[in-house]
Amino acid sequence: MARQERITFREWCDHHKGVRRLLVGFCSLWGTGVVAAGIYYLPELTEHGVKFIREVLIVVAIPIAWYFYQRGKDR
37 MARQERITFR
47 EWCDHHKGVR
57 RLLVGFCSLW
67 GTGVVAAGIY
77 YLPELTEHGV
87 KFIREVLIVV
97 AIPIAWYFYQ
107 RGKDR
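Quick note: the sequence shown, position 27, residue 63 per the numbering used here, numbers continuous.
Here you go:
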């Protein structure tokens, strides 16, 4: 029986490029859903509502930036 080598998370992500795309897609959909729910359930855009939407968009930008940073290293 062949012995399997352990690979690191980074090597696994590099081997499976779809993992990065899936992560970006999931975070984008999640963030879009949260922003849409926030806009729908907030009767008016108050200062707190605007801060909420801004912070969610910042959180969504992190995995997108990571994806493009990793993608740039592949070339």
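No residue lacks a Cβ here, since even glycine has one placed at the ideal position from N, Cα and C.
About 7 Å separates the Cβ atoms of V95 and G67, confirming a contact at the 8 Å cut-off. Taking the CA atoms as reference points, T82 sits about 14 Å from V71.
Here the C-alpha atom of Y76 lies approximately 17 Å from the C-alpha atom of E91. In the structure shown, the three-state DSSP call for E80 is coil.
Separation of W48 and P79 (C-alpha to C-alpha, rounded to the nearest whole angstrom) is 45 Å.
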